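Here's the structure we're looking at; comments come further down.
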Amino acid sequence: MIEAVKFYTTPDGKCPVVDFLDSLTAKEAQKVTWVLQLLEEQDNIPKTYFKKLVDTEEIWEVRAQSGNNIFRLLGFFDGNSWVVLTHGFQKKTQKTPANEIRKAEKLRRDYLARNKHE
33 MIEAVKFYTT
43 PDGKCPVVDF
53 LDSLTAKEAQ
63 KVTWVLQLLE
73 EQDNIPKTYF
83 KKLVDTEEIW
93 EVRAQSGNNI
103 FRLLGFFDGN
113 SWVVLTHGFQ
123 KKTQKTPANE
133 IRKAEKLRRD
143 YLARNKHE
(Lines of atoms letter the chains of each structure in order from A; the text may use other names.)
(Lines give C-alpha, C1' and ligand atoms only; values in the text may rest on other atoms or scores of the structure.)
Protein backbone atom coordinates (compact mmCIF):
# COMPACT_ATOMS: atom_id res chain seq x y z
CA MET A 33 0.00 0.00 0.00
CA ILE A 34 1.20 3.50 -0.82
CA GLU A 35 1.18 5.66 2.30
CA ALA A 36 1.95 8.91 0.54
CA VAL A 37 2.69 10.47 -2.81
CA LYS A 38 5.56 12.94 -2.63
CA PHE A 39 6.86 15.31 -5.30
CA TYR A 40 10.52 15.49 -6.23
CA THR A 41 12.10 18.88 -5.54
CA THR A 42 15.28 20.08 -7.23
CA PRO A 43 18.25 21.21 -5.10
CA ASP A 44 17.20 24.82 -5.75
CA GLY A 45 13.61 24.20 -4.59
CA LYS A 46 11.76 23.80 -7.89
CA CYS A 47 9.06 21.14 -8.18
CA PRO A 48 8.53 19.81 -11.74
CA VAL A 49 5.24 18.09 -10.82
CA VAL A 50 3.72 21.31 -9.46
CA ASP A 51 4.88 23.14 -12.61
CA PHE A 52 3.23 20.43 -14.71
CA LEU A 53 -0.04 20.57 -12.77
CA ASP A 54 -0.05 24.37 -13.04
CA SER A 55 0.18 24.04 -16.85
CA LEU A 56 -3.05 22.00 -17.05
CA THR A 57 -6.61 23.23 -17.27
CA ALA A 58 -8.63 23.02 -14.06
CA LYS A 59 -10.49 19.94 -15.33
CA GLU A 60 -7.26 18.17 -16.38
CA ALA A 61 -5.54 18.97 -13.08
CA GLN A 62 -8.61 17.71 -11.21
CA LYS A 63 -8.43 14.36 -13.04
CA VAL A 64 -4.69 13.95 -12.36
CA THR A 65 -5.22 14.87 -8.69
CA TRP A 66 -8.05 12.32 -8.48
CA VAL A 67 -5.68 9.58 -9.70
CA LEU A 68 -3.02 10.65 -7.16
CA GLN A 69 -5.64 10.46 -4.41
CA LEU A 70 -6.58 6.98 -5.62
CA LEU A 71 -2.94 5.89 -5.19
CA GLU A 72 -3.02 6.90 -1.54
CA GLU A 73 -6.46 5.49 -0.74
CA GLN A 74 -6.62 2.13 -2.54
CA ASP A 75 -4.78 -1.03 -1.50
CA ASN A 76 -4.93 -2.55 -4.98
CA ILE A 77 -4.38 0.07 -7.65
CA PRO A 78 -5.52 -0.93 -11.14
CA LYS A 79 -2.80 -0.98 -13.84
CA THR A 80 -5.01 1.47 -15.68
CA TYR A 81 -3.67 4.12 -13.29
CA PHE A 82 -0.30 2.86 -12.03
CA LYS A 83 2.25 0.46 -13.44
CA LYS A 84 5.96 -0.28 -13.44
CA LEU A 85 7.79 0.51 -16.66
CA VAL A 86 9.90 -2.40 -17.89
CA ASP A 87 13.61 -1.99 -18.61
CA THR A 88 13.93 1.09 -16.42
CA GLU A 89 15.67 1.94 -13.14
CA GLU A 90 12.59 1.16 -11.03
CA ILE A 91 10.45 3.83 -12.70
CA TRP A 92 6.69 3.70 -12.31
CA GLU A 93 4.07 5.51 -14.37
CA VAL A 94 0.94 7.21 -13.04
CA ARG A 95 -1.66 7.37 -15.80
CA ALA A 96 -4.51 9.86 -16.14
CA GLN A 97 -6.78 10.80 -18.99
CA SER A 98 -9.06 13.78 -19.44
CA GLY A 99 -11.08 13.69 -22.64
CA ASN A 100 -8.65 12.93 -25.47
CA ASN A 101 -5.65 14.13 -23.47
CA ILE A 102 -3.43 11.51 -21.88
CA PHE A 103 -1.15 12.52 -19.04
CA ARG A 104 1.69 10.65 -17.36
CA LEU A 105 3.66 11.30 -14.21
CA LEU A 106 6.79 9.27 -13.65
CA GLY A 107 8.26 8.36 -10.31
CA PHE A 108 9.75 5.71 -8.06
CA PHE A 109 9.34 4.16 -4.65
CA ASP A 110 11.20 5.57 -1.66
CA GLY A 111 11.22 2.58 0.66
CA ASN A 112 8.14 0.38 0.50
CA SER A 113 5.35 2.86 0.97
CA TRP A 114 6.14 6.28 -0.52
CA VAL A 115 6.02 7.16 -4.17
CA VAL A 116 8.14 10.11 -5.27
CA LEU A 117 6.91 11.62 -8.54
CA THR A 118 9.61 13.31 -10.61
CA HIS A 119 7.70 15.07 -13.38
CA GLY A 120 4.71 14.91 -15.68
CA PHE A 121 3.99 15.29 -19.38
CA GLN A 122 1.23 14.96 -21.93
CA LYS A 123 1.57 11.68 -23.78
CA LYS A 124 1.14 11.86 -27.54
CA THR A 125 2.47 8.44 -28.60
CA GLN A 126 1.67 4.86 -27.68
CA LYS A 127 5.03 4.31 -26.02
CA THR A 128 6.39 6.36 -23.12
CA PRO A 129 9.13 8.54 -24.65
CA ALA A 130 12.66 7.36 -23.79
CA ASN A 131 13.78 10.91 -22.97
CA GLU A 132 11.05 11.16 -20.30
CA ILE A 133 12.17 7.85 -18.78
CA ARG A 134 15.82 8.98 -18.78
CA LYS A 135 14.78 12.23 -17.08
CA ALA A 136 12.91 10.30 -14.37
CA GLU A 137 15.90 7.99 -13.84
CA LYS A 138 18.26 10.97 -13.54
CA LEU A 139 15.98 12.70 -11.02
CA ARG A 140 15.66 9.43 -9.07
CA ARG A 141 19.45 9.11 -8.81
CA ASP A 142 19.68 12.74 -7.67
CA TYR A 143 16.95 12.25 -5.06
CA LEU A 144 18.50 9.06 -3.68
CA ALA A 145 21.96 10.65 -3.52
CA ARG A 146 20.65 13.71 -1.69
CA ASN A 147 18.51 11.64 0.68
CA LYS A 148 21.25 9.11 1.52
CA HIS A 149 19.31 5.92 0.81
CA GLU A 150 20.85 2.53 0.33
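Count along the sequence shown from 1, add 32, and you get the number used in the working numbering.
For each residue, glycine too, the CB sits at the ideal point set by N, CA and C.
Since the model is a prediction, treat every value here as computed from it, not as a measurement.
Quiz prompt | Range of the contiguous beta strand (DSSP E) that encloses Asn101 | solution = Counting along the chain, the unbroken beta strand (DSSP E) around Asn101 starts and ends at 101–110.
Practice problem: Give the single residue among Asn100, Val115, Phe108, Tyr143 whose Cα lies nearest to the Cα of Gln122. | Solution: Minimum Cα-Cα distance from Gln122 among the listed residues Asn100, Val115, Phe108, Tyr143 corresponds to Asn100.
Quiz item: Ala136: beta carbon under 7 angstroms from a heavy atom of the ligand NAD?
Solution: Absent from the structure shown: the ligand NAD. Ligands present: none.
Practice problem: Identify whether Val86 lies in helix, strand or coil by the three-state DSSP scheme. | Solution: Three-state DSSP puts Val86 in coil, outside helix and strand.
Quiz prompt | Residues sharing a beta bridge with Ala96, DSSP | solution = For Ala96, the pairing in a beta bridge is given by DSSP as Phe103.
Quiz item: With DSSP run on the structure shown, which of helix, strand or coil describes Leu152?
Solution: The chain is shown only over 33 to 150; residue 152 falls outside these bounds and no answer can be derived.
Quiz item: Does the distance from the CB of Leu139 to the CB of Tyr40 come in under 8 angstroms?
Solution: Yes, the Cβ-Cβ distance between Leu139 and Tyr40 is below 8 angstroms.
Quiz item: By how many angstroms is the C-alpha of Lys83 removed from the C-alpha of Asn76?
Solution: For Asn76 and Lys83, the distance between alpha carbons rounds to 11 angstroms.
Quiz prompt | Buried versus exposed call for Thr65 [16 or more other C-beta atoms within 10 Å across all chains shown] | solution = Exposed.
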